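Trainee: Shown below is the structure under consideration.
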Amino acid sequence: EAGVAQSPRYKIIEKRQSVAFWCNPISGHATLYWYQQILGQGPKLLIQFQNNGVVDDSQLPKDRFSAERLKGVDSTLKIQPAKLEDSAVYLCASSFLGRGAGELFFGEGSRLTVL
Amino acid sequence: AQSVAQPEDQVNVAEGNPLTVKCTYSVSGNPYLFWYVQYPNRGLQFLLKYITGDNLVKGSYGFEAEFNKSQTSFHLKKPSALVSDSALYFCAVRDPSGNTPLVFGKGTRLSVIA
């Protein structure tokens, strides 16, 4: 079974530039998550999709971050304009169920460095 | 609001010795508890979870964890550590009574020394 795919793995940009990350979840997984992992901290949920609808985006900085889930499968997370504090690893995860007992399956992450 | 505490930033253990990585949680109801492991430059991998039932949960790679409701703890254990167990370990909690997301601790770095 193919895992969660993310790209790019690494991205370096200057502040005020824009960046986009892509995620393809495990086939059949209805729920998709974007987490932000800052160095030395645990992952923090940015947004959760159930199929192509948003379940929770309460911690998404909406003035600069946006996300969409095309046709309930792939998802894109965009940052525009980037700030220095956005330097982090952006993790995509998927699960078969929503907020139940099912575990999350994570991709390898996209590491963003903002200079 | 639910939260997780991992009191140790770093745990060092000799190969072959038992290891424990500590986790305590705060949640209003009965928790769903998870442990994940992260190797360098990789995503998080699921190790085990507690949902209900037996307080001792067995997971991948010989790891186990014990749910202790009175102490609100869910410590990760392994009887005999391997050098390959060296990684970053995250405890996570979800409150199933509220529509809340999975919340992670800050992580504990385990170093197993040969």
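First to last, the protein sequences are chains A and G.
For the first sequence, the positions run 118 to 232 when the working numbering is used.
For the second sequence, the positions run 1384 to 1497 when the working numbering is used.
Quick reminder that beta carbons are idealized off the backbone N, C-alpha and C, glycines included.
A quick note: this is a predicted structure, and the numbers were derived from the prediction, not measured.
1. For the region 1428-1456 of chain G, enumerate the residues whose C-beta is nearer than 8 Å to any C-beta of chain A, in chain order.
2. In the structure shown, what three-state DSSP assignment does Ser1494 of chain G receive?
3. Check whether the region 1438-1449 of chain G and the region 1481-1491 of chain G are in contact - that is, three or more C-beta pairs closer than 8 Å.
4. When DSSP builds the beta bridges, which residues end up paired with Cys140 of chain A?
5. Output yes if chain A places a C-beta closer than 8 Å to the C-beta of Lys1405 of chain G; else output no.
6. Report the neighbours of Gly159 of chain A on chain G: residues whose CB is nearer than 9 Å to its CB, in chain order.
7. With 8 Å set as the bound, which would you pick, yes or no: does the beta-carbon of Gly1412 of chain G sit closer than that to a beta-carbon of chain A?
8. Within the 8 Å Cβ cut-off, does Tyr1415 of chain G reach chain A?
9. Since Phe223 of chain A meets chain G, which of its residues come closer than 9 Å, beta carbon to beta carbon?
10. Okay, do the region 1410-1421 of chain G and the region 1469-1482 of chain G touch, 3+ Cβ pairs below 8 Å being the bar?
11. Answer yes if the region 127-139 of chain A comes into contact with the region 1388-1400 of chain G, meaning at least three C-beta pairs across the two stretches below 8 Å, and no otherwise.
12. Which residue marks the beginning of the beta strand (DSSP E) containing Val1404 of chain G, and which one marks its end?
13. Gln165 of chain A touches chain G at which residues, Cβ-Cβ below 9 Å?
Mentor: In terms of the structure at hand:
1. So the list reads Gln1428, Phe1429, Lys1432 and Ile1434, given in the order they occur along the chain.
2. Residue 1494 of chain G sits at position 111 when you count from the first residue of the second sequence. Three-state result, Ser1494 of chain G: strand.
3. Output reads no: the region 1481-1491 of chain G does not touch the region 1438-1449 of chain G.
4. Along the first sequence, read from residue 1 onward, the residue named residue 140 of chain A stands at position 23. According to DSSP, which records beta bridges pairwise, Cys140 of chain A is partnered with A:Gln123 and A:Ser192.
5. Mapped onto the second sequence, residue 1405 of chain G falls at position 22. Answer no: the Cβ-Cβ gap between Lys1405 of chain G and chain A never drops below 8 Å.
6. Numbered from its first residue, the first sequence carries residue 159 of chain A at position 42. Within 9 Å Cβ-Cβ: Val1387, Gln1389, Phe1473, Cys1474, Ala1475, Val1486, Phe1487, Gly1488, Lys1489 and Gly1490.
7. Here the question's residue 1412 of chain G lines up with position 29 in the second sequence. So, not an interface residue.
8. Here residue 1415 of chain G is taken as the residue at index 32 of the second sequence, counted from 1. Taking Cβ atoms only, chain A reaches closer than 8 Å to Tyr1415 of chain G, which makes this a yes.
9. Counted from its first residue, the first sequence places residue 223 of chain A at position 106. Under the 9 Å cutoff, chain G gives Tyr1419, Gln1421, Arg1425, Gly1426, Leu1427, Gln1428 and Phe1429.
10. Contact between the region 1410-1421 of chain G and the region 1469-1482 of chain G is present, because at least three Cβ pairs lie under 8 Å.
11. Output reads no: the region 127-139 of chain A does not touch the region 1388-1400 of chain G.
12. Here residue 1404 of chain G is taken as the residue at index 21 of the second sequence, counted from 1. That run of the beta strand (DSSP E) goes Leu1402 to Val1404.
13. By one-based count along the first sequence, residue 165 of chain A stands at place 48. Correct list: Pro1484.
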